[in-house]
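Visitor:
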Amino acid sequence: MRIIVTGGAGFIGSHIVDTYLAAGHEVLVLDSLWEHGGGRRANVPERASFVHMDVRDDGVGRIFAEFKPEVVSHHAAQHSVAISSRDPIYDAQVNVVGMLNVLESAVKNGCRKVIFASSGATFGNPETLPITDDTPQRPTSPYGITKMVTEHYLRFYQAEKGLDFTALRYGNVYGPRQDPNGEAGVISIFIGKFLQREGVRIDWDGEQTRDYVYAGDVARVNVAALDRGSGGCYVIGTGVKTSVNAIYRALVEISGFEAPVTHAPRRPGDARDAQFDASRARKELGWSASTTLIDGMRATYEYFKAL
Ligand SMILES: NC(=O)c1ccc[n+]([C@@H]2O[C@H](COP(=O)([O-])OP(=O)(O)OC[C@H]3O[C@@H](n4cnc5c(N)ncnc54)[C@H](O)[C@@H]3O)[C@@H](O)[C@H]2O)c1
């Protein structure tokens, strides 16, 4: 199958590219290598084609016309909650208008399906946990709003223009290649500090929890979605909630280094807990997370250590 992966030079996208290539697909990566994102040219393997282009560019249609993909996996995004709050116009330009440019290019060139990287951020701070696919979406950031809006556009394009879709609402994805200098991704940030033998900062009381899902598992669900999950939106997580303190303790165990800890107040808008019930993905996509947190953290630690 011929597949375009937008954002394929980034953290999650590059794992998807690797997995598609391993399954025998032909892949083209379209990525702007945005300065505040995790995209690196070196993340794109030789066997994939690479086009350095912004998803908002008029040239996107030409790339679709030339490559003629059957599926587009849309992972390019302005992915920062903080930037979206500071600059909601930029966030919407990339995450909504850029996405529409991709969808229009897909429709005009006979592409069958789009797989979309949605987010748990579309749910905001839900009243009850775990989050399921029936939990009301009440996003609390412009980033969460644009991701939710995009799901609505996908429904429109399927109903009116015949473009099939599957939207994957990821929890906190972690793994090799995640930017350790980013603002999010506590596991890679902490690993960076542990390897430099530096201290880490724990906000709030450290007992806030997230559902951490390994990038390799996320790549596998993107394979399942190539021909399953038509018109569906799926929560993608492990069902396990883990505190920042537990992440810290696991890294002490993995590295043998007791990093000094400083404490800071709760960051504005930080949710207390997150946990995702992925039973619909299990039933309809045949997917469930198979990597335990300790195994995934060990693999991530070894990856960064070897750099
Ligand atoms: N990391 C997570 O935990 C998480 C959770 C939920 C959803 N997501 C979504 O998954 C996708 C991948 O996120 P990631 O964590 O791998 O981030 P990332 O920054 O590593 O990857 C995003 C990629 O998109 C590219 N990009 C950004 N703006 C672009 C533009 N205008 N045109 C073309 N390319 C552009 C970047 O260069 C980068 O390579 C994003 O859509 C993000 O919103 C991530």
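Going by my numbering, the first residue of the sequence shown is number 1, and it counts up by one from there.
Quick reminder that beta carbons are idealized off the backbone N, C-alpha and C, glycines included.
1) Between the beta-carbon of L21 and the beta-carbon of V29, is there less than 7 Å?
2) For the alpha helix (DSSP H) containing E183, name the first residue and the last one.
3) Please work out which residues of its chain come closer than 6 Å, Cβ to Cβ, to A271, disregarding the five sequence neighbours upstream and downstream, and give them in chain order.
4) With DSSP collapsed to three states, give me the class of R40.
5) For the alpha helix (DSSP H) that H152 lies in, which residues bound it at each end?
6) Heavy atom of ligand 1 less than 6 Å from the Cβ of A117, yes or no?
7) Comparing the CB of Y313 with every heavy atom of ligand 1, is any distance shorter than 6 Å?
8) Between the C-alpha atoms of M297 and I236, what's the straight-line distance to the nearest angstrom?
9) Ligand 1 heavy atoms versus the CB of W287: any closer than 6 Å?
10) To the nearest angstrom, how far is the alpha carbon of V72 from that of A219?
11) State the CB to CB distance for the pair V60 and S14, rounded to an integer number of angstroms; the pair is presumed to be in contact (CB under 8 Å).
12) Please work out which residues of its chain come closer than 6 Å, Cβ to Cβ, to M99, disregarding the five sequence neighbours upstream and downstream, and give them in chain order.
13) How is the beta strand (DSSP E) around S288 delimited, first residue to last?
14) Could you tell me the alpha carbon to alpha carbon distance between T132 and F276, rounded to whole angstroms?
15) Please confirm whether any heavy atom of ligand 1 lies closer than 6 Å to the CB of V94.
16) For S188, does the count of other Cβ atoms within 10 angstroms reach 16, so buried, or fall short, so exposed?
17) Under three-state DSSP, which class holds D31?
18) In the DSSP assignment, what residue or residues form a beta bridge with G232?
19) Could you tell me which of G10, D18, W34, D211 sits nearest to A121, measuring between CA atoms?
20) Ligand 1 heavy atoms versus the CB of R252: any closer than 6 Å?
21) Taking the DSSP output, what are the residues bridged to R201?
22) Going by DSSP in three states, S80 sits in which element: helix, strand or coil?
23) Could you tell me if the beta carbon of S73 falls within a distance shorter than 6 Å of some heavy atom in ligand 2?
24) Given a threshold of 16 other Cβ atoms within 10 Å of its Cβ, counted over all protein chains shown, does R177 qualify as buried or as exposed?
25) With 16 as the cutoff for other CB atoms within 10 Å, does Y234 come out buried or exposed?
26) Kindly examine ligand 1 and report whether one of its heavy atoms sits closer than 6 Å to the Cβ of F67.
27) In three-state DSSP terms, what is F64?
28) Between R112, P130, T135, N222, which has its C-alpha nearest F123's C-alpha?
29) Return the CA-CA distance between V51 and R201, expressed in angstroms with no decimal places.
30) From which residue to which residue does the alpha helix (DSSP H) around K113 run?
31) Assuming contact is defined by CB atoms lying nearer than 7 Å, are S84 and S119 in contact in what I supplied?
32) Just to check my reading of the structure: F194 and S255 have Cβ atoms closer than 8 Å, yes? What is that Cβ distance to the nearest angstrom?
33) In this structure, does DSSP put A75 in helix, strand or coil?
Guide: In this structure, then:
1) If you number the sequence shown from 1, residue 21 lands on position 21. If you number the sequence shown from 1, residue 29 lands on position 29. Contact flag unset, no.
2) Working through the sequence shown from its first residue, we reach residue 183 at position 183. Here E183 belongs to no alpha helix (DSSP H), and DSSP marks it neither H nor E.
3) Indexing the sequence shown from 1 puts residue 271 at position 271. The answer, listed in chain order, is N125.
4) The sequence position of residue 40 within the sequence shown is 40, counting from 1. Residue state, collapsed to three classes: coil.
5) The residue you call residue 152 lines up with position 152 of the sequence shown. 142-161 is the span of the alpha helix (DSSP H), which, as asked, contains H152.
6) If you number the sequence shown from 1, residue 117 lands on position 117. Under cutoff, so the answer is yes.
7) Absent from the model: residue 313. The displayed extent of the chain is 1 to 307, so no value can be given.
8) Counting from one through the sequence shown, the residue named residue 297 turns up at place 297. Counting from one through the sequence shown, the residue named residue 236 turns up at place 236. About 18 Å.
9) Here the question's residue 287 lines up with position 287 in the sequence shown. Because no heavy atom of ligand 1 lies under 6 Å away, the Cβ of W287 does not count as near it: no.
10) By 1-based counting over the sequence shown, the position of residue 72 is 72. By 1-based counting over the sequence shown, the position of residue 219 is 219. Cα-Cα distance, rounded: 14 Å.
11) Indexing the sequence shown from 1 puts residue 60 at position 60. Indexing the sequence shown from 1 puts residue 14 at position 14. No, V60 and S14 are not in contact; Cβ-Cβ is about 20 Å, not under 8 Å.
12) The sequence position of residue 99 within the sequence shown is 99, counting from 1. Same-chain partners within the cutoff: T150.
13) For the purposes of this step, residue 288 is identified with residue 288 of the sequence shown, where counting begins at 1. Run containing S288: none; DSSP gives neither H nor E here.
14) Along the sequence shown, read from residue 1 onward, the residue named residue 132 stands at position 132. Along the sequence shown, read from residue 1 onward, the residue named residue 276 stands at position 276. Approximately 6 Å, taken between the alpha carbons.
15) For this step, residue 94 is matched to residue 94 along the sequence shown. Yes, ligand 1 has a heavy atom inside 6 Å of this Cβ.
16) Locating residue 188 in the sequence shown gives position 188, counting from the first residue. Around the Cβ of S188, a 10 Å sphere holds 16 or more other Cβ atoms; the residue is buried.
17) Position 31 of the sequence shown, counted from the first residue, corresponds to residue 31. Annotated three-state conformation of D31 is strand, per DSSP.
18) Walking along the sequence shown from the start, residue 232 turns up at place 232. Under the DSSP definition of a beta bridge, G232 partners with T166.
19) Residue mapping note: residue 121 aligns to position 121 of the sequence shown, counting from 1. Looking at G10, D18, W34, D211, the one whose alpha-carbon comes closest to that of A121 is D211.
20) The sequence position of residue 252 within the sequence shown is 252, counting from 1. In the sequence as displayed, the identity of residue 252 is Val instead of Arg. For ligand 1, not one heavy atom lies less than 6 Å from the Cβ of V252.
21) The residue you call residue 201 lines up with position 201 of the sequence shown. The secondary-structure analysis by DSSP pairs R201 across a beta bridge with T262.
22) Start at 1 with the first residue of the sequence shown, and residue 80 comes out as number 80. In the structure shown, the three-state DSSP call for S80 is coil.
23) Annotation note on ligand 2: not contained in the displayed structure, which lists ligand 1 as its ligands.
24) The count along the sequence shown starts at 1 and reaches residue 177 at position 177. Burial is judged here by how many other beta carbons sit within 10 angstroms of a residue's own beta carbon; R177 has at least 16 and is buried.
25) Reading the sequence shown from its first residue, position 234 is the one you call residue 234. Burial of Y234 is indicated by the presence of at least 16 other C-beta atoms within 10 angstroms of its C-beta.
26) Taking the first residue of the sequence shown as 1, we reach residue 67 at position 67. The beta carbon of F67 sits no closer than 6 Å to any heavy atom of ligand 1.
27) Numbered from 1 along the sequence shown, position 64 holds the residue referred to as residue 64. It is helical.
28) Here the question's residue 123 lines up with position 123 in the sequence shown. For the residues R112, P130, T135, N222, the minimum Cα distance to F123 belongs to T135.
29) Along the sequence shown, one-based indexing puts residue 51 at 51. Along the sequence shown, one-based indexing puts residue 201 at 201. Between V51 and R201, the C-alpha separation is close to 38 Å.
30) Residue 113 sits at position 113 when you count from the first residue of the sequence shown. Per DSSP, K113 lies in no alpha helix (DSSP H); the unbroken beta strand (DSSP E) holding it starts and ends at 113-119.
31) Residue 84 sits at position 84 when you count from the first residue of the sequence shown. Residue 119 sits at position 119 when you count from the first residue of the sequence shown. Not closer than 7 Å, so no.
32) Along the sequence shown, read from residue 1 onward, the residue named residue 194 stands at position 194. Along the sequence shown, read from residue 1 onward, the residue named residue 255 stands at position 255. That pair is a contact at about 5 Å.
33) For the purposes of this step, residue 75 is identified with residue 75 of the sequence shown, where counting begins at 1. Reading the sequence as shown, one finds His at residue 75 and not Ala. It is coil, neither helix nor strand.
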